[in-house]
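J.: Pasting a structure here, questions to come.
So, in structure tokens, the structure goes:
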């Protein structure tokens with residue numbers, strides 16, 4: 077899931093000058109743990125060296141269990157495409173993804189020991205020249221489709237339009253305009269085994285498009301590609317780190 081994304085947002089500063097580090101996940105875990113248990117948080121000074129800069133970001137919670145097929149189940153994932161201060165952004169979205177992802181019930185204290193946290197810092201946003209102008213395993217995609225649209229007539233476009241060009245002049249039906257949006261993070265697409273076209277088609281369905289997906293529809297998609305720096309940690313890693321920090325401060 078995503079929070080609203082503004083096309084005119086300045087993301088030029090979101091470059092790979094900062095890598096995601098495990099302390100980002102520890103900070104997310106500490107935020108969630110303290111929210112659920114009302115415990116005192118670790119001194120922010122333990123994190124501040126790693127919380128500099130503004131980035132669009134996502135926080136993902138997974139459940140880890142040997143009883144699950146593949147061992148991992150998504151438990152919550154929400155982010156924001158507007159650059160945020162890392163300290164505030166990770167803290168805010170650690171809780172939003174844990175408690176307000178409407179696909180899942182809120183995470184409970186009893187689940188903490190089974191959790192894995194993934195923090196993704198989004199970087200290098202670029203407007204793609206077409207819906208195929210990106211690389212699987214390198215880029216995430218953010219698609220926008222303006223509705224209503226109709227396919228261009230055969231007299232307006234070639235009978236076999238190239239997928240390597242984007243149509244910017246598809247006629248639009250009169251009536252209320254509606255904009256559909258969806259995203260997939262860079263690691264999701266290869267994990268699903270999708271081709272680029274399959275990923276775009278899936279994103280269209282995720283966005284709520286329920287019509288027939290034709291080449292004309294795909295060419296009407298506005299696509300932004302981006303990259304990410306990812307870090308992950310499991311509960312036991314965070315807890316061992318927290319115990320070490322709190323013991324040193326006693």
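In this note's numbering, the protein residues as written are 77 to 326.
We treat Cβ as the ideally placed atom computed from N, Cα and C, and that holds for glycine.
Model, not experiment: these values are computed from the prediction.
What are the boundary residues of the beta strand (DSSP E) that includes residue 136?
T.: Counting along the chain, the beta strand (DSSP E) containing residue 136 begins and ends at 130–140.
J.: Does the distance from the CB of residue 279 to the CB of residue 258 come in under 8 Å?
T.: Their beta carbons are under 8 Å apart, which means residue 279 touches residue 258 by this criterion.
J.: What are the uninterrupted segments assigned as beta strand (DSSP E) that are 3 or more residues long and contained completely in the stretch 155–218, given in chain order?
T.: If we require 3 residues or more, the beta strand (DSSP E) runs fully inside the stretch 155–218 come out as 191–203.
J.: Reducing DSSP to helix, strand and coil, say where residue 293 ends up.
T.: It is helical.
J.: Of the residues 164, 109, 159, which one's Cα is nearest the Cα of residue 127?
T.: 164
J.: Taking just the CA atoms, how far does residue 284 sit from residue 220?
T.: 11 Å
J.: Taking just the CA atoms, how far does residue 215 sit from residue 141?
T.: 29 Å
J.: Ignore the nearest five residues each way along the sequence and tell me which others in residue 149's own chain have a CB closer than 6 Å to its CB.
T.: 139
J.: Residue 253: buried (16+ other C-beta within 10 angstroms of its C-beta) or exposed?
T.: exposed
J.: Measure the CB-CB distance between residue 185 and residue 113 and report whether it falls below 8 Å.
T.: yes
J.: When burial is assigned at 16 or more other CB atoms within 10 Å of the CB, is residue 151 buried or exposed?
T.: buried
J.: Give a yes or no on contact between the stretch 260–271 and the stretch 177–184, applying the rule of three or more CB pairs nearer than 8 Å.
T.: no
J.: Using C-beta distances below 6 Å, list every residue in its chain close to residue 310, excluding the 5 sequence neighbours before and after it, in chain order.
T.: 192
J.: Relative to the C-alpha of residue 198, which candidate in 314, 98, 133 has its C-alpha closest?
T.: Cα-wise, what sits closest to residue 198 is 133.
J.: By a C-beta neighbour count over all protein chains shown, 10 Å radius and 16 as the cutoff for buried, is residue 104 buried or exposed?
T.: buried
J.: How many angstroms separate the CA atom of residue 135 from the CA atom of residue 307?
T.: About 10 Å.
J.: Can you tell me the Cα-Cα spacing of residue 288 and residue 171, whole angstroms?
T.: Straight across, the Cα-Cα distance linking residue 288 with residue 171 is about 37 Å.
J.: Quick one: using the 10 Å Cβ neighbour count with 16 as the cut-off for buried, is residue 290 buried or exposed?
T.: exposed
J.: Assuming the contact rule is C-beta atoms closer than 8 Å, residue 123 and residue 159 should be a hit. Round their C-beta distance to whole Å, please.
T.: Beta-carbon to beta-carbon, residue 123 and residue 159 are separated by about 19 Å, too far to satisfy the 8 Å threshold.
J.: Anyone know if the C-beta pair for residue 305 and residue 95 falls short of 8 Å?
T.: yes
J.: Applying the criterion that 16 or more other CB atoms from any shown protein chain within 10 Å of the CB defines a buried residue, is residue 155 buried or exposed?
T.: buried
J.: Figure out for me which residue from 318, 323, 322, 212 has the closest Cα to the Cα of residue 269.
T.: 212
J.: Going along the chain, which residues of its own chain have a beta-carbon closer than 7 Å to the beta-carbon of residue 203, five neighbours each way excluded?
T.: 300
J.: Could you give the DSSP three-state label for residue 222: helix, strand or coil?
T.: DSSP places residue 222 in the strand class (E or B) of the three-state scheme.
J.: Among 217, 196, 316, which residue has its Cα nearest to the Cα of residue 153?
T.: 196
J.: Can you check DSSP and say which residues form a bridge with residue 148?
T.: 140
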